[in-house]
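Novice: In UniProt numbering, the protein residues as written are 1 to 81. In this text, a Cβ means the ideal position worked out from N, Cα and C, and glycines have one as well. The structure's right below; bear with me while I get my questions together.
Structure representation (structure tokens):
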């Protein structure tokens, strides 16, 4: 395992890290590790948005038809207000 040292971290960031670590039941080091790991994951392979992006990329893009738009109809609000 490797170590990393972060210099010149401002007090507000350090305080927020400590608060977030407490909320998640982790040490500050564990919280920082979790934040780094989550931010460096391959976002293209997680969640439905990533799967949709991967599918579109594999198909060389997706052409969508623009839906037909109809003007809004009048609503009779007499007696409602």
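Indicate the three-state DSSP secondary structure (helix, strand or coil) for residue 72 in the structure shown.
Specialist: Secondary structure at residue 72: coil, using DSSP grouped into helix, strand and coil.
Novice: What does the alpha-carbon distance come out to for the pair residue 11 and residue 27?
Specialist: 17 Å
Novice: Please go through the same chain and pick out, in chain order, the residues whose beta-carbon is closer than 6 Å to the beta-carbon of residue 14, but skip the five residues on each side of it.
Specialist: Same-chain partners within the cutoff: there are none.
Novice: At what residues does the alpha helix (DSSP H) containing residue 59 begin and finish?
Specialist: Note, residue 59: premise wrong, no alpha helix (DSSP H); not H, not E.
Novice: Would you report the Cα separation of residue 1 and residue 33, rounded to the nearest angstrom?
Specialist: Separation of residue 1 and residue 33 (C-alpha to C-alpha, rounded to the nearest whole angstrom) is 12 Å.
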